[in-house]
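The block underneath contains the structure these notes are about, expressed in structure tokens.
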Amino acid sequence: MTRFIDLTLNGVSTGAVYAAVALALVMIWRATRIVNFAQGGMLMITTFVASDVIGSTGSYWLGFFVALACGLVLGALVERLLVRRVEGGPPLNAVIVALGLLILLEAVAGMIWGNTPRSFPPAFSIRGYEVGGTRLLFAPNDTFTVLVVLGVAVALWLLFRFTDLGLRMRASALAPEVARLLGVRVGRMLTLGWALAALVGSLAGVLVAPSVFVGPSQFDPVLIFGFTAAVLGGLDSPPGAVVGGVVLGLVLSYVSGYEGASLVTLAALVVLVAVLMVRPGGLFSTKRERRV
Amino acid sequence: MSAQEPAGREPAGREPAAPRPAGASSPPARRRRLPRSTLARSLGLALAGALALFVASELLGSYQDLQLASGTYYFIVLAGLTMLTGLSGQISLGHGALMAVGAYTVALLVGNEHWALVPALAAATAVGAAVGVAVGAAASRLRGPYLAGATLALAIGLPALAEKYAGTFGGANGLVIDPPAVPAGLGASFPLERWEAWIAGAGALVVVFVLNNLARSGVGRSLRAVRDDEIAASLCGLHVGGVQTLAFVVSAACAGLGGGMLAVVLQLAAPGAFQLGLSLSLLTAIVLGGLGSQLGAIWGAAVLVLLPTWTEHLAHSFSLSQQVSANLPLAIYGAVLIGAMLVWPSGIQGALRRICALVRRSLFDSKELASPKTSG
Amino acid sequence: MRATRLRAACGGCALVMAALAVAGCGSSGGGASAPGVTATSITFGTHQPLTGPAAPGYSEIAPASQAYFDYVNAHGGVYGRKIHLIIKNDEYNPTNTVSVVHELVLKDDVFGIFEGLGTPTHTKVVGFLNSSKVPDMFVASGCPCWDKGAEQPYTFGWQPNYTIEGKVLGQYLKQHFAGKKVGVFYQDDDFGNGGLAGIRDELPASQIVSTQSYQPGTTNVAPEISAIKSSGAEVLVDFTVPIYTALGQLTSYTLGYKPQLVVSNVGIDPTTVGGLLKTYSKGKAGTELIEGAITDGYIPASSDTSNPWIALFRKVKDEYDKGAPFDGNVEYGMATAYTLVQALELAGKELTREKLVDVVEEKGHELTGPGLVPFRYSKSEHGGYAGVEMGQVRGGKIVLFGGPMVTEPTAGSPITPYTGTQPSPPSGGVPSP
Chain A
1 MTRFIDLTLN
11 GVSTGAVYAA
21 VALALVMIWR
31 ATRIVNFAQG
41 GMLMITTFVA
51 SDVIGSTGSY
61 WLGFFVALAC
71 GLVLGALVER
81 LLVRRVEGGP
91 PLNAVIVALG
101 LLILLEAVAG
111 MIWGNTPRSF
121 PPAFSIRGYE
131 VGGTRLLFAP
141 NDTFTVLVVL
151 GVAVALWLLF
161 RFTDLGLRMR
171 ASALAPEVAR
181 LLGVRVGRML
191 TLGWALAALV
201 GSLAGVLVAP
211 SVFVGPSQFD
221 PVLIFGFTAA
231 VLGGLDSPPG
241 AVVGGVVLGL
251 VLSYVSGYEG
261 ASLVTLAALV
271 VLVAVLMVRP
281 GGLFSTKRER
291 RV
Chain B
1001 MSAQEPAGRE
1011 PAGREPAAPR
1021 PAGASSPPAR
1031 RRRLPRSTLA
1041 RSLGLALAGA
1051 LALFVASELL
1061 GSYQDLQLAS
1071 GTYYFIVLAG
1081 LTMLTGLSGQ
1091 ISLGHGALMA
1101 VGAYTVALLV
1111 GNEHWALVPA
1121 LAAATAVGAA
1131 VGVAVGAAAS
1141 RLRGPYLAGA
1151 TLALAIGLPA
1161 LAEKYAGTFG
1171 GANGLVIDPP
1181 AVPAGLGASF
1191 PLERWEAWIA
1201 GAGALVVVFV
1211 LNNLARSGVG
1221 RSLRAVRDDE
1231 IAASLCGLHV
1241 GGVQTLAFVV
1251 SAACAGLGGG
1261 MLAVVLQLAA
1271 PGAFQLGLSL
1281 SLLTAIVLGG
1291 LGSQLGAIWG
1301 AAVLVLLPTW
1311 TEHLAHSFSL
1321 SQQVSANLPL
1331 AIYGAVLIGA
1341 MLVWPSGIQG
1351 ALRRICALVR
1361 RSLFDSKELA
1371 SPKTSG
Chain C
2001 MRATRLRAAC
2011 GGCALVMAAL
2021 AVAGCGSSGG
2031 GASAPGVTAT
2041 SITFGTHQPL
2051 TGPAAPGYSE
2061 IAPASQAYFD
2071 YVNAHGGVYG
2081 RKIHLIIKND
2091 EYNPTNTVSV
2101 VHELVLKDDV
2111 FGIFEGLGTP
2121 THTKVVGFLN
2131 SSKVPDMFVA
2141 SGCPCWDKGA
2151 EQPYTFGWQP
2161 NYTIEGKVLG
2171 QYLKQHFAGK
2181 KVGVFYQDDD
2191 FGNGGLAGIR
2201 DELPASQIVS
2211 TQSYQPGTTN
2221 VAPEISAIKS
2231 SGAEVLVDFT
2241 VPIYTALGQL
2251 TSYTLGYKPQ
2261 LVVSNVGIDP
2271 TTVGGLLKTY
2281 SKGKAGTELI
2291 EGAITDGYIP
2301 ASSDTSNPWI
2311 ALFRKVKDEY
2321 DKGAPFDGNV
2331 EYGMATAYTL
2341 VQALELAGKE
2351 LTREKLVDVV
2361 EEKGHELTGP
2371 GLVPFRYSKS
2381 EHGGYAGVEM
2391 GQVRGGKIVL
2401 FGGPMVTEPT
2411 AGSPITPYTG
2421 TQPSPPSGGV
2431 PSP
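Protein chains in written order, with this note's numbering: chain A, 1 to 292; chain B, 1001 to 1376; chain C, 2001 to 2433.
Next up, the structure:
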């Protein structure tokens, strides 16, 4: 029984990170209809910057907020300089640009910081909670991770649902021409969308870094499973991203714990295909109309 | 927080954005003779390719022959993939796994069962096609990024089977097979690498012939119809799911054959050779080369094989620190991908077509070229 | 039709031009009897994972070897010849390994391959190297598969193979932890499986209560460690590379699980593991989580500053490999390079590929250097070091104890102490013939 509880808790804490990456991907998809494969590279760079800041100043929270700020800036830059140019063209081109950016970022990180992974401090203790004499596979830092991701998801929901800014951003994504006619600065909204998404991505990077170490290729599995979670939940649905992340985290944890590590990627494939066969648009997809 | 898709904002991969393949617009008068001239054209292309490959393999040294063989098996896979993505509009991030299927088939048949080369390669194609049926049937229900996600999961999940059933598949080390025996008739000193290039070339020519015919046939037109407008196509009586599955089967067969060729040329089948990076490289290669055309697949294969070598040489020609020179080739590759997409959105083939059009316009009478501008 | 013919012609021409361009890029293969050797130079090639998930740690090895070669070259070289090492990146992908090794042999005309790294990678080029009669010296991998003098006469291992290490560790466990439950956490490849086989050779099956493997490339090993803890194992044996030793220890810390740790020499380097654990808890040193871990070694511990070999290698690193930390990987690279230089000296001034291979087979087992144990080199055995010495992490550094032990990698063969002593380094730091 302890084993099951431990695996569930591990699934939730790893799933929260996948959910954060999935949220970032969903936001960019909703804003610009692009799957941002470079998200893994972007959050890796911001985490490296945070690591340097923490190393030189000794303050975790300064590094934390510097990472978020870098994420904002990096997302805005990428949208302005690269995404603008490929938005109107064939969608595959945007995919290739994103992949190229991912490769470029990983190589540049290797050149600047080297290929040796480094340690990253957790925000809070990683000593598991003690319950009835045994320690659980869940620590204060994991509580922080889960709460932060939930908080971000709620904050984004509030932003999009109840604020003017959120309305403008949604309008820019769905009907840019009409929005322009109504006075919305569409370009700025798209940049803001990317910047916020990159901020969420940086958050994921800082949260997961203590348990994957910081290195150019260390965040690749997080990106892959984050993308899988986003597709699982439905690329148009932020709650889908969160649910998808947690579901994926749980499934992978159970499979790894009960069946063995060699089946983990196969389990991800099976779960994803099973869900998509029943709901081709992901768990939280809605029916779409098409005018013929 | 639901959103309704306005008309015209299709998910990625389903927009009719791919440039039409080379030679698709024929003058009306030839339509009656199209089947025969297609066959002749395909045969002509195949023979021209055979001659070019033969000449190239004779001129090149052993290592370049190996690169030629590598480029050729990549071409086989890319030709199928560009047909899938360009003609049929389905994006696949999982063709590396399908190559793995073909490679392991050949490695098991040749290594354990001692089959001859041609039957083993045919089996690899067949097994690839069989897997393609399953994958294609599932894929036909999915669109755009959901198809991308599912095929990406295939790319990371399928090679895991090799590690799980390590007894049969050799686990992390994979399988090693003996090099293909050079026929005695060619002489004792005939380089193995050139023979491998010939084997790969023969497979490539078959693929060129088949796919060229396919693209210009009724099947090809069905593929394009489904890609451009599913509802209109199904109203015309096309079975959308069946057509899409067929496209997947053909491209999976190509991937299986290409993977089998990889096993023959490199004499290996190992999970480390079929990681996600391979699938992503295949996709970038077809877009870089020019989506939807076989010439584009040739350029893509050339980029896949030559670019790493050139960037390595470039990186080592400066005396940089170890850290920088080890990562510089990848940085250049990433920058090239981004730059190429910004400057040549239609890929190399699109750019060449534009150059050819410019040349034609300046060489020939402008009246003859009143036909519509190419979409390149 | 004209347009299509033009296109087909363009395509065909372009293909031939591309092929010629590729041809123009490199030289044709050399036909000299001793390629890669001139009056003033010897050129070796190697394939290494310089980037990618396998790069951490391993990417330091070849530059360290190169640093030692630079040192030797600065002191006159080997019979007046400077040693050059061409390092090529294969990203731990066997496809690339085949490609770069073919390039090294066919285009760069190297004299031999040195320190090819990795089992899944190097096993794909062993056939080619042996059939092309290219010396394949001192493969950087502990797989027993290099130890086939009859079938692979040109290939030589260097480090003690994983089965030998597993056996010596297993014997130590049998003697000092009899009756205690043992759990094994291992990498799912020849390294982990080989070590596990060695452990199973020594310990009774009932004592091993849990074996959990991980796939290299994963980042979550908590389920596996949790499973081992649930089994009640009091001893945790790690056949892991440093990243996974560290990840395993992080999970153990979370779970409050403190078994006796036993770690392979591959995954225990305190500089590397301690660096990865540096910030796990405010105010605590990273090496605290591996304090007291049992391990083994076959060359002096990289932190043993009193050892003259370490002093020599540190000096070489400070001068020729400044950017690198001095850790187990750097020491490995230099020690292997030392053995190659010894072999080249023994082969004599008239250097051919055959002579190098023959001299290692005949005289390799007499070579002494930084190693604590002798080599297993003969006509039939091409294995490398014959054993290891037990060690423990004390005060954040590895301290070796108990004396070196040697054995054969076959099941059931005895483990015997080795009484020879490690010599001092030669006075100039360069071995003499």
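Glycine residues also receive a C-beta, built at the ideal position from the N, C-alpha and C atoms.
What does residue 1196 of chain B touch in chain C if you count any residue whose Cβ is under 8 Å from its own?
What you label residue 1196 of chain B is simply residue 196 of the second sequence in a count that begins at 1. Within 8 Å Cβ-Cβ: nothing; residue 1196 of chain B doesn't reach chain C, min ~11 Å.
Taking three-plus beta-carbon pairs below 8 Å as touching, is the segment 260-280 of chain A in contact with the segment 1157-1172 of chain B?
At 8 Å Cβ cutoff, the stretches touch.
Taking the Cβ atom as the reference point for each residue, do residue 9 of chain A and residue 137 of chain A lie within a distance shorter than 8 Å?
For the purposes of this step, residue 9 of chain A is identified with residue 9 of the first sequence, where counting begins at 1. For the purposes of this step, residue 137 of chain A is identified with residue 137 of the first sequence, where counting begins at 1. Using a Cβ distance threshold of 8 Å, residue 9 of chain A and residue 137 of chain A count as a contacting pair.
Using Cβ-Cβ distances below 7 Å, what residues of the segment 2187-2198 of chain C are close to chain B?
For the segment 2187-2198 of chain C, residues whose beta-carbon sits nearer than 7 Å to a beta-carbon of chain B comprise 2188, 2189 and 2190.
Any beta-carbon of chain A closer than 8 Å to the one on residue 1025 of chain B?
Position 25 of the second sequence, counted from the first residue, corresponds to residue 1025 of chain B. Low per-residue confidence applies at residue 1025 of chain B: pLDDT is 46, beneath 50, and the placement is therefore not dependable enough to give any value.
With DSSP as the reference, please indicate the residues paired to residue 2210 of chain C in a beta bridge.
Position 210 of the third sequence, counted from the start, is the residue given in the question as residue 2210 of chain C. Looking at the DSSP output, residue 2210 of chain C bridges to C:2183.
Under DSSP, the alpha helix (DSSP H) around residue 48 of chain A begins and ends at which residues?
If you number the first sequence from 1, residue 48 of chain A lands on position 48. Where residue 48 of chain A is concerned, the enclosing alpha helix (DSSP H) stretches over 39-57.
Contact check, residue 1147 of chain B vs residue 1090 of chain B under 8 Å by CB: the rounded distance?
Counting from 1 along the second sequence, the entry for residue 1147 of chain B is found at position 147. Counting from 1 along the second sequence, the entry for residue 1090 of chain B is found at position 90. With 8 Å as the limit, residue 1147 of chain B and residue 1090 of chain B qualify as a contact, their Cβ atoms being about 6 Å apart.
Name the residue from B:1130, B:1110 and B:1092 whose alpha carbon lies nearest to the alpha carbon of residue 1144 of chain B.
Sequence index remark: in the second sequence, residue 1144 of chain B carries index 144 (1-based). Selected option, being the one with the closest Cα: B:1092.
Taking contact to mean at least 3 C-beta pairs separated by less than 8 Å, is the segment 2060-2069 of chain C in contact with the segment 1240-1251 of chain B?
The segment 2060-2069 of chain C vs the segment 1240-1251 of chain B: no contact.
Backbone secondary structure at residue 1244 of chain B - three-state DSSP:
Here residue 1244 of chain B is taken as the residue at index 244 of the second sequence, counted from 1. In the three-state scheme derived from DSSP, where H, G and I count as helix and E and B as strand, residue 1244 of chain B is classed as helix.
Three-state secondary structure assigned by DSSP to residue 1342 of chain B:
The count along the second sequence starts at 1 and reaches residue 1342 of chain B at position 342. Here residue 1342 of chain B sits in helix by DSSP.
Measuring straight from C-alpha to C-alpha, what distance separates residue 2333 of chain C and residue 2320 of chain C?
Walking along the third sequence from the start, residue 2333 of chain C turns up at place 333. Walking along the third sequence from the start, residue 2320 of chain C turns up at place 320. One C-alpha to the other measures close to 13 Å.
Tell me the rounded alpha-carbon separation between residue 2086 of chain C and residue 2265 of chain C.
Mapped onto the third sequence, residue 2086 of chain C falls at position 86. Mapped onto the third sequence, residue 2265 of chain C falls at position 265. For residue 2086 of chain C and residue 2265 of chain C, the distance between alpha carbons rounds to 27 Å.
Under 8 Å, Cβ to Cβ, is there at least one residue of chain B near residue 36 of chain A?
Position 36 of the first sequence, counted from the start, is the residue given in the question as residue 36 of chain A. No, residue 36 of chain A does not count as interfacial toward chain B.
Any beta-carbon of chain A closer than 8 Å to the one on residue 2224 of chain C?
Translated into positions along the third sequence, residue 2224 of chain C becomes position 224. For residue 2224 of chain C, the answer is yes, since a Cβ of chain A falls inside 8 Å of its Cβ.
Between the segment 2298-2325 of chain C and chain A, which residues of the former have a C-beta closer than 7 Å to a C-beta of the latter?
For the segment 2298-2325 of chain C, the set of positions with a beta-carbon nearer than 7 Å to some beta-carbon of chain A is empty.
Are residue 2246 of chain C and residue 2277 of chain C close, meaning C-beta to C-beta below 8 Å?
On the third sequence, position 246 is the one that residue 2246 of chain C refers to. On the third sequence, position 277 is the one that residue 2277 of chain C refers to. Yes.
Listing by chain order, which chain C residues have their CB less than 7 Å from the CB of residue 1047 of chain B?
Within the second sequence, numbered from 1, the residue matching residue 1047 of chain B stands at position 47. Proximity of chain C to residue 1047 of chain B at the Cβ level (cut-off 7 Å) is not reached, the minimal Cβ distance being about 10 Å.
Give me the Cα-Cα distance between residue 1164 of chain B and residue 2189 of chain C, rounded to the nearest whole angstrom.
The count along the second sequence starts at 1 and reaches residue 1164 of chain B at position 164. The count along the third sequence starts at 1 and reaches residue 2189 of chain C at position 189. Take the alpha-carbon of residue 1164 of chain B and the one of residue 2189 of chain C: they are about 11 Å apart.
Is it a yes or a no for the segment 1188-1201 of chain B touching the segment 1055-1072 of chain B, going by three-plus beta-carbon pairs under 8 Å?
The segment 1188-1201 of chain B, when compared against the segment 1055-1072 of chain B, does touch it at the 8 Å Cβ threshold.
Relative to the C-alpha of residue 1109 of chain B, which residue among B:1100, B:1121 and B:1098 is closest?
Counting from one through the second sequence, the residue named residue 1109 of chain B turns up at place 109. Considering only alpha carbons, the answer is B:1121.
Buried or exposed (CB count within 10 angstroms, at least 16 for buried), residue 113 of chain A:
Within the first sequence, residue 113 of chain A is the residue found at index 113, counting from 1. Residue 113 of chain A comes out buried.
May I ask you to list, following chain order, the residues of the segment 263-284 of chain A that have a beta carbon less than 9 Å from some beta carbon of chain B?
Across the segment 263-284 of chain A, CB contacts with chain B closer than 9 Å involve 263, 264, 265, 266, 267, 268, 269, 270, 271, 272, 273, 276, 277, 280, 281, 282 and 284, in sequence order along the chain.
One question on the structure: do residue 2404 of chain C and residue 2367 of chain C come within less than 8 Å of each other, judged by their Cβ atoms?
Locating residue 2404 of chain C in the third sequence gives position 404, where the first residue counts as 1. Locating residue 2367 of chain C in the third sequence gives position 367, where the first residue counts as 1. Pairing residue 2404 of chain C with residue 2367 of chain C gives a Cβ-Cβ distance that is not under 8 Å.
To test your reading of the DSSP string, which unbroken alpha helix (DSSP H) runs of 4 or more residues are found completely within the segment 64-115 of chain A?
Entirely contained in the segment 64-115 of chain A, the alpha helix (DSSP H) runs reaching 4 residues are, in chain order, 91-113.
Output, in chain order, the set of chain A residues within a Cβ distance shorter than 7 Å of residue 2228 of chain C.
Position 228 of the third sequence holds residue 2228 of chain C. Here the premise fails: no neighbours, minimum Cβ distance about 11 Å.
With which residues is residue 2083 of chain C paired in a DSSP beta bridge?
If you number the third sequence from 1, residue 2083 of chain C lands on position 83. Per DSSP, C:2042.
Residues that DSSP places opposite residue 2137 of chain C in a beta bridge
Within the third sequence, the letter at position 137 stands for residue 2137 of chain C. C:2114, per the DSSP bridge assignment.
Listed in chain order, which residues of the segment 1167-1178 of chain B have Cβ atoms closer than 8 Å to some Cβ of chain C?
Within the segment 1167-1178 of chain B, the residues whose Cβ lies closer than 8 Å to some Cβ of chain C are 1171, 1172, 1173, 1174, 1176 and 1178, listed in chain order.
Where does residue 2229 of chain C fall in DSSP's three states?
By 1-based counting over the third sequence, the position of residue 2229 of chain C is 229. It is helical.
Beta carbon of residue 1949 of chain C, beta carbon of residue 2058 of chain C: below 8 Å?
Any question about residue 1949 of chain C goes unanswered here, given that chain C covers just 2001 to 2433.
Which residues DSSP lists as bridging residue 1313 of chain B, in chain order
Position 313 of the second sequence, counted from the first residue, corresponds to residue 1313 of chain B. According to DSSP, residue pairing for residue 1313 of chain B in a beta bridge does not occur.
Within the 8 Å Cβ cut-off, does residue 2055 of chain C reach chain A?
What you label residue 2055 of chain C is simply residue 55 of the third sequence in a count that begins at 1. Answer yes: the Cβ-Cβ gap between residue 2055 of chain C and chain A drops below 8 Å somewhere.
Taking DSSP as the reference, what is the three-state secondary structure of residue 2295 of chain C?
As a first step, residue 2295 of chain C is located in the third sequence; it is residue number 295 there, counting from the start. Three-state result, residue 2295 of chain C: strand.
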